[in-house]
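First comes the structure, then the notes that go with it.
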């Protein structure tokens, strides 16, 4: 048992980490206004999404072509777990478009990396804005 650990389960019982459920180590990071929390499947930790340059190294501009985000298939589907209808993406399809768009655990694609997808989408919006500015300035 680790101090400050959190255990998530669906049993409505107070349990120790040895019982089946999602076990996470202490929450790391410093929250800001409207902090986003993420679960790291590799370390088993929950972290605040801290994006300050103080916590990063090797910062450079993204030079990859961001247009792969435009290849994502927009889907509708029914959730097997929640019996609800949703719109969104399929992680395996997003990974096939660009491996940065999905995360994996145990050798299998599990979910979407929304931060990467949004970064590429903003790159495409910036390109469109530059194109619009060129058209407007030449007329």
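In our numbering, the protein residues as written are 397 to 535. Quick reminder that beta carbons are idealized off the backbone N, C-alpha and C, glycines included.
Check: If you follow the beta strand (DSSP E) that residue 507 is in, where does it begin and where does it stop?; Outcome: 504 to 508
Check: I need the straight-line Cα distance from residue 518 to residue 511, nearest angstrom please.; Outcome: 11 Å
Check: Can you tell which of 472, 532, 447 has its C-alpha closest to the C-alpha of residue 486?; Outcome: 472
Check: Let me check understanding here. Comparing Cα to Cα, which of 528, 532, 501 lies closest to residue 439?; Outcome: 501
Check: Can you tell me the Cα-Cα spacing of residue 526 and residue 494, whole angstroms?; Outcome: 24 Å
Check: Can you list, in chain order, the residues of its chain with a C-beta nearer than 7 Å to that of residue 375? Leave out the 5 residues immediately preceding and following it.; Outcome: In the structure as shown, the chain starts at 397 and stops at 535, and residue 375 therefore has no counterpart that could be examined.
Check: Less than 9 Å separating the beta-carbons of residue 466 and residue 515?; Outcome: no
Check: Is the CB of residue 474 under 9 Å away from at least one CB in chain C?; Outcome: Included in the structure is just one protein chain, with no chain C present.
Check: With H, G and I counted as helix, E and B as strand and the rest as coil, what does DSSP make of residue 397?; Outcome: With a pLDDT of 44 at residue 397, under the threshold of 50, the predicted position of this residue should be treated as unreliable, though the coordinate-derived value follows. Here residue 397 sits in coil by DSSP.
Check: How far does the beta strand (DSSP E) with residue 501 in it reach, from first residue to last?; Outcome: 498 to 501
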